[in-house]
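Peer 1:
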């Protein structure tokens, strides 16, 4: 799934369009008799902009490990928002605070959609404002939450 995400999102221009395209992909995945879809959450921006690249790589590495352990599709924020997508989105021209509010709302909508069945919290997720919000949303809607150990 994470490889298909880049393809379906390549021409998106705003978060609404990203959401719509993701929902189409999720629906097609579920119609293909896939029961579970996982989302891998973790710290990205909360360490500060100097650590974004490092944290993105760590999240991708955690997701790769999890994909080997679990036989259902899963994705990360890095899959949804690689650099080439960032450049195209209208919301990335907003101030940091406004953009972050829209992005948090975006992830709440994704998690409340009913498509995501499992959320994997990577090490240090609790230091992330976004991942903490995603955890809270997942709990509220009854998504199965998995906690990844630091040494995993």
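In our numbering, the protein residues as written are 1420 to 1571. Beta carbons are placed, not taken as given, at the ideal position from N, Cα and C, and that holds for glycine.
1) Quick one: using the 10 Å Cβ neighbour count with 16 as the cut-off for buried, is residue 1514 buried or exposed?
2) Which residues in the same chain as residue 1540 place their Cβ atom closer than 8 Å to its Cβ, once the five residues preceding and following it in sequence are excluded?
3) Between which residues of its own chain and residue 1432 is the CB-CB distance below 8 Å, once the five residues before and five after are set aside?
4) If we count the other Cβ atoms within 10 Å of its Cβ and call it buried at 16 or more, is residue 1496 buried or exposed?
5) Please return the same chain residues whose Cβ sits closer than 8 Å to the Cβ of residue 1428, not counting the five positions on each side in sequence.
6) Whose CA, out of 1537, 1545, 1544, lies closest to the CA of residue 1491?
7) If we count the other Cβ atoms within 10 Å of its Cβ and call it buried at 16 or more, is residue 1457 buried or exposed?
8) For residue 1424, which residues in the same chain have their Cβ closer than 8 Å to its Cβ, ignoring the five residues on either side in sequence?
9) Taking the beta strand (DSSP E) that residue 1537 falls in, what are its first and last residues?
10) Can the beta-carbon of residue 1518 be found closer than 7 Å to that of residue 1556?
11) Can you look up residue 1457 in the DSSP assignment and give me helix, strand or coil?
12) Run through the DSSP bridge pairs and tell me what residue 1528 is partnered with.
13) Out of 1420, 1543, 1488, 1525, point me to the one whose CA is closest to residue 1477's CA.
14) Could you give the distance in angstroms between the alpha-carbon of residue 1488 and the alpha-carbon of residue 1482?
15) Where in the region 1456 to 1507 do unbroken runs of the beta strand (DSSP E), each at least 3 residues long, occur, reported from the N-terminal end onward?
Peer 2: In short:
1) Within a 10 Å sphere around the beta-carbon of residue 1514 sit fewer than 16 other beta-carbons, which makes this residue exposed.
2) Shown here for residue 1540: same chain residues with a beta carbon closer than 8 Å to its own, the five before and five after excluded, namely 1460, 1461, 1550, 1554, 1564, 1565, 1566, 1567 in chain order.
3) For residue 1432, the CB contacts under 8 Å within the same chain, skipping 5 residues up- and downstream, are 1507, 1508, 1509 in chain order.
4) Sixteen is the threshold: when 16 or more other Cβ atoms of the shown chains lie within 10 Å of the Cβ of residue 1496, as they do, the residue is buried.
5) Here the set comprises 1437, 1440, 1441, 1499, 1504.
6) A check of alpha carbon separations from residue 1491 across 1537, 1545, 1544 identifies 1537 as the nearest.
7) Classification of residue 1457: buried, given that the 10 Å Cβ count is 16 or more.
8) Listed in chain order, the non-local C-beta contacts of residue 1424 below 8 Å within the same chain comprise 1441, 1444, 1494, 1498, 1499, local neighbours out to five positions each way being set aside.
9) It spans 1537 to 1540 - the beta strand (DSSP E) in which residue 1537 sits, taken as one unbroken run.
10) Contact flag unset, no.
11) In the structure shown, residue 1457 sits in a strand (DSSP, three-state: E or B).
12) According to DSSP, residue 1528 bridges with nothing at all.
13) Checked all of 1420, 1543, 1488, 1525; the closest Cα to residue 1477 is 1543.
14) C-alpha separation (whole angstroms): 10 Å.
15) With a minimum length of 3 residues, the continuous beta strand (DSSP E) runs that stay inside the region 1456 to 1507 are 1457 to 1460, 1493 to 1495.
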